[in-house]
Amino acid sequence: MNKINKPAPAEYAHFYSGYISEVGDENILAFLKKQSKEFVEYIKQIPDEKLLYKYEAGKWSVAEVLGHIIDTERVMAYRALRFARGDKAILSGYDQDEYVAAGRFDERSLSSLVAEFEGLRVSNLEFAQTLNEEESVRTGEANGAVFSVRALLYVMAGHLQHHWDILQQRYLD
(Lines of atoms letter the chains of each structure in order from A and count residues from 1; the text may use other names and numbers.)
(Lines give C-alpha, C1' and ligand atoms only; values in the text may rest on other atoms or scores of the structure.)
Protein backbone atom coordinates (compact mmCIF):
# COMPACT_ATOMS: atom_id res chain seq x y z
CA MET A 1 0.00 0.00 0.00
CA ASN A 2 1.30 3.46 -0.91
CA LYS A 3 2.07 5.99 1.76
CA ILE A 4 0.54 9.43 1.43
CA ASN A 5 2.02 11.85 3.93
CA LYS A 6 -0.06 14.12 6.11
CA PRO A 7 -0.61 17.53 4.51
CA ALA A 8 1.04 20.65 5.84
CA PRO A 9 -1.27 23.41 7.13
CA ALA A 10 -0.59 25.45 3.97
CA GLU A 11 -2.29 22.70 1.92
CA TYR A 12 -5.81 23.40 3.21
CA ALA A 13 -7.96 26.11 4.77
CA HIS A 14 -7.70 26.40 8.55
CA PHE A 15 -11.40 25.49 8.87
CA TYR A 16 -10.51 21.91 7.90
CA SER A 17 -7.76 21.43 10.49
CA GLY A 18 -10.19 19.76 12.89
CA TYR A 19 -11.07 17.14 10.29
CA ILE A 20 -7.43 16.52 9.47
CA SER A 21 -6.54 16.15 13.15
CA GLU A 22 -9.16 13.37 13.41
CA VAL A 23 -6.82 11.19 11.34
CA GLY A 24 -3.64 11.91 13.27
CA ASP A 25 -0.39 10.63 11.80
CA GLU A 26 -1.76 7.32 10.53
CA ASN A 27 -1.27 6.35 6.88
CA ILE A 28 -4.37 7.85 5.26
CA LEU A 29 -4.88 4.89 2.94
CA ALA A 30 -4.86 2.42 5.82
CA PHE A 31 -7.07 4.77 7.85
CA LEU A 32 -9.66 5.09 5.06
CA LYS A 33 -9.81 1.32 4.59
CA LYS A 34 -10.10 0.54 8.30
CA GLN A 35 -12.55 3.38 8.87
CA SER A 36 -14.79 2.16 6.06
CA LYS A 37 -15.00 -1.36 7.45
CA GLU A 38 -15.71 -0.19 11.00
CA PHE A 39 -18.19 2.51 9.97
CA VAL A 40 -20.17 0.12 7.79
CA GLU A 41 -20.32 -2.41 10.64
CA TYR A 42 -21.56 0.37 12.93
CA ILE A 43 -24.25 1.78 10.64
CA LYS A 44 -25.56 -1.65 9.66
CA GLN A 45 -26.64 -1.99 13.31
CA ILE A 46 -28.86 1.10 13.20
CA PRO A 47 -32.48 0.06 13.76
CA ASP A 48 -34.86 1.12 10.97
CA GLU A 49 -36.97 3.09 13.45
CA LYS A 50 -33.93 5.29 14.23
CA LEU A 51 -33.32 6.42 10.64
CA LEU A 52 -35.71 9.36 10.92
CA TYR A 53 -34.69 10.29 14.48
CA LYS A 54 -33.52 13.88 15.11
CA TYR A 55 -32.02 14.66 18.50
CA GLU A 56 -33.35 18.22 18.29
CA ALA A 57 -35.78 20.20 16.14
CA GLY A 58 -34.06 21.66 13.09
CA LYS A 59 -31.29 19.03 13.07
CA TRP A 60 -30.81 16.39 10.40
CA SER A 61 -32.18 12.89 10.81
CA VAL A 62 -29.85 9.91 11.07
CA ALA A 63 -30.57 9.15 7.39
CA GLU A 64 -29.75 12.75 6.47
CA VAL A 65 -26.46 12.62 8.38
CA LEU A 66 -25.54 9.46 6.46
CA GLY A 67 -26.52 11.14 3.19
CA HIS A 68 -24.46 14.20 4.09
CA ILE A 69 -21.43 11.98 4.77
CA ILE A 70 -21.90 10.36 1.35
CA ASP A 71 -22.36 13.67 -0.48
CA THR A 72 -19.32 15.25 1.16
CA GLU A 73 -17.15 12.23 0.42
CA ARG A 74 -18.24 12.43 -3.23
CA VAL A 75 -17.50 16.16 -3.44
CA MET A 76 -14.05 15.81 -1.83
CA ALA A 77 -13.19 12.89 -4.12
CA TYR A 78 -14.29 14.86 -7.18
CA ARG A 79 -12.09 17.76 -6.14
CA ALA A 80 -9.18 15.39 -5.51
CA LEU A 81 -9.61 13.84 -8.96
CA ARG A 82 -9.69 17.22 -10.69
CA PHE A 83 -6.60 18.46 -8.86
CA ALA A 84 -4.68 15.19 -9.25
CA ARG A 85 -5.20 15.39 -13.00
CA GLY A 86 -3.79 18.91 -13.08
CA ASP A 87 -7.11 20.67 -13.65
CA LYS A 88 -6.63 24.37 -12.87
CA ALA A 89 -10.32 25.36 -12.90
CA ILE A 90 -11.53 27.04 -9.74
CA LEU A 91 -14.24 24.86 -8.22
CA SER A 92 -17.24 26.26 -6.41
CA GLY A 93 -18.36 25.31 -2.95
CA TYR A 94 -21.63 23.61 -2.12
CA ASP A 95 -24.34 24.29 0.41
CA GLN A 96 -24.59 21.21 2.63
CA ASP A 97 -28.09 22.11 3.81
CA GLU A 98 -29.38 22.46 0.24
CA TYR A 99 -27.77 19.14 -0.69
CA VAL A 100 -29.37 17.37 2.27
CA ALA A 101 -32.77 18.92 1.52
CA ALA A 102 -32.54 17.84 -2.13
CA GLY A 103 -31.12 14.40 -1.32
CA ARG A 104 -34.39 12.87 -0.04
CA PHE A 105 -32.35 10.66 2.30
CA ASP A 106 -35.32 10.16 4.61
CA GLU A 107 -37.02 8.25 1.79
CA ARG A 108 -34.19 5.71 1.52
CA SER A 109 -33.54 2.47 3.30
CA LEU A 110 -30.52 1.87 5.47
CA SER A 111 -29.33 -0.84 3.08
CA SER A 112 -29.43 1.66 0.19
CA LEU A 113 -27.37 4.21 2.13
CA VAL A 114 -24.90 1.53 3.23
CA ALA A 115 -24.50 0.25 -0.34
CA GLU A 116 -23.88 3.73 -1.70
CA PHE A 117 -21.30 4.54 0.96
CA GLU A 118 -19.49 1.21 0.52
CA GLY A 119 -19.30 1.56 -3.26
CA LEU A 120 -18.15 5.14 -3.05
CA ARG A 121 -15.43 4.42 -0.48
CA VAL A 122 -14.14 1.41 -2.44
CA SER A 123 -13.92 3.55 -5.56
CA ASN A 124 -12.23 6.41 -3.70
CA LEU A 125 -9.70 4.05 -2.15
CA GLU A 126 -8.84 2.55 -5.53
CA PHE A 127 -8.27 6.06 -6.87
CA ALA A 128 -6.21 7.14 -3.86
CA GLN A 129 -3.98 4.07 -4.07
CA THR A 130 -2.97 5.02 -7.61
CA LEU A 131 -1.63 8.43 -6.60
CA ASN A 132 2.08 9.03 -6.65
CA GLU A 133 3.83 11.65 -4.52
CA GLU A 134 3.67 14.33 -7.22
CA GLU A 135 -0.07 13.84 -7.75
CA SER A 136 -0.83 13.78 -4.03
CA VAL A 137 0.68 17.24 -3.49
CA ARG A 138 -0.92 18.90 -6.52
CA THR A 139 -3.21 21.71 -5.52
CA GLY A 140 -6.30 23.43 -6.74
CA GLU A 141 -8.85 25.92 -5.52
CA ALA A 142 -12.30 25.01 -4.27
CA ASN A 143 -14.76 27.08 -2.29
CA GLY A 144 -12.27 29.96 -2.09
CA ALA A 145 -9.46 27.89 -0.57
CA VAL A 146 -6.43 26.01 -1.87
CA PHE A 147 -6.27 22.27 -1.18
CA SER A 148 -3.76 19.59 -2.03
CA VAL A 149 -5.06 16.23 -3.17
CA ARG A 150 -3.77 14.56 -0.02
CA ALA A 151 -5.45 17.19 2.16
CA LEU A 152 -8.76 16.33 0.53
CA LEU A 153 -8.25 12.65 1.39
CA TYR A 154 -7.61 13.59 5.01
CA VAL A 155 -10.65 15.90 5.03
CA MET A 156 -12.75 13.05 3.63
CA ALA A 157 -11.71 10.73 6.45
CA GLY A 158 -11.89 13.36 9.18
CA HIS A 159 -15.30 14.59 8.08
CA LEU A 160 -16.71 11.08 8.34
CA GLN A 161 -15.07 10.64 11.75
CA HIS A 162 -16.55 13.93 12.97
CA HIS A 163 -20.09 12.94 11.99
CA TRP A 164 -19.64 9.39 13.27
CA ASP A 165 -18.78 10.87 16.66
CA ILE A 166 -21.93 13.00 16.52
CA LEU A 167 -24.03 9.96 15.58
CA GLN A 168 -22.63 8.10 18.58
CA GLN A 169 -22.98 10.98 21.04
CA ARG A 170 -26.28 12.60 20.06
CA TYR A 171 -28.27 10.12 18.00
CA LEU A 172 -27.63 6.48 18.71
CA ASP A 173 -25.82 5.72 21.97
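Residue numbering for the sequence shown follows numbering that gives the first Met the number 0, beginning at 0 and increasing consecutively.
Quick reminder that beta carbons are idealized off the backbone N, C-alpha and C, glycines included.
Quick caveat: nothing in here was measured; it's all calculated off a predicted structure.
Neighbourhood of residue i by C-beta, 6 angstroms cutoff - its chain only, sequence neighbours within 5 removed
| i | result |
| --- | --- |
| LEU171 | none |
| TYR77 | none |
| ASN123 | ALA76 |
Beta-carbon proximity check, residue i vs residue j, cutoff 8 angstroms
| i | j | result |
| --- | --- | --- |
| ALA79 | LEU152 | yes |
| ASP105 | GLU63 | yes |
| LEU130 | VAL145 | no |
| ASP70 | GLY139 | no |
| GLY66 | LEU109 | no |
| LEU119 | GLU72 | yes |
| GLU10 | ALA150 | yes |
| ASN142 | GLY102 | no |
| PHE116 | VAL61 | no |
| VAL121 | TYR15 | no |
Residues sharing a beta bridge with residue i, DSSP
| i | result |
| --- | --- |
| PHE146 | GLY139 |
| LEU171 | BP columns for LEU171 are empty, so no partner. |
| LEU90 | ALA141 |
Test: residue i CB closer than 8 angstroms to a CB of chain B
| i | result |
| --- | --- |
| ASP94 | The chain inventory of the structure shown lacks chain B, comprising one protein chain alone. |
Separation of residue j from residue i, as counted between CA atoms
| i | j | result |
| --- | --- | --- |
| ILE19 | PRO8 | 10 angstroms |
| HIS162 | GLU133 | 31 angstroms |
| LEU166 | ALA88 | 35 angstroms |
| ILE3 | LEU90 | 23 angstroms |
| GLU21 | ILE45 | 23 angstroms |
| ARG84 | LEU50 | 38 angstroms |
| VAL136 | ALA100 | 34 angstroms |
| ASN26 | TYR98 | 30 angstroms |
| GLY57 | ILE68 | 18 angstroms |
| ILE42 | ARG81 | 30 angstroms |
Close Cβ partners of residue i (< 8 angstroms) along its chain, the five nearest in sequence each way excluded
| i | result |
| --- | --- |
| GLN34 | ALA156, LEU159 and GLN160 |
| ASP24 | LYS5 |
| LEU31 | ARG120, ASN123, LEU124, ALA127, LEU152, MET155 and ALA156 |
Near the ligand HEM: residue i beta-carbon under 7 angstroms from a heavy atom
| i | result |
| --- | --- |
| GLN160 | With respect to the ligand HEM, the structure shown offers nothing to examine, as it has no ligands at all. |
Residue i - containing alpha helix (DSSP H), residue span
| i | result |
| --- | --- |
| SER122 | 109–128 |
| SER35 | 27–43 |
| PHE82 | 61–83 |
| ILE19 | 16–22 |
| GLY102 | 95–102 |
Contacting residues, own chain, Cβ-Cβ under 7 angstroms from residue i (five flanking each side not counted)
| i | result |
| --- | --- |
| ALA12 | ALA144 |
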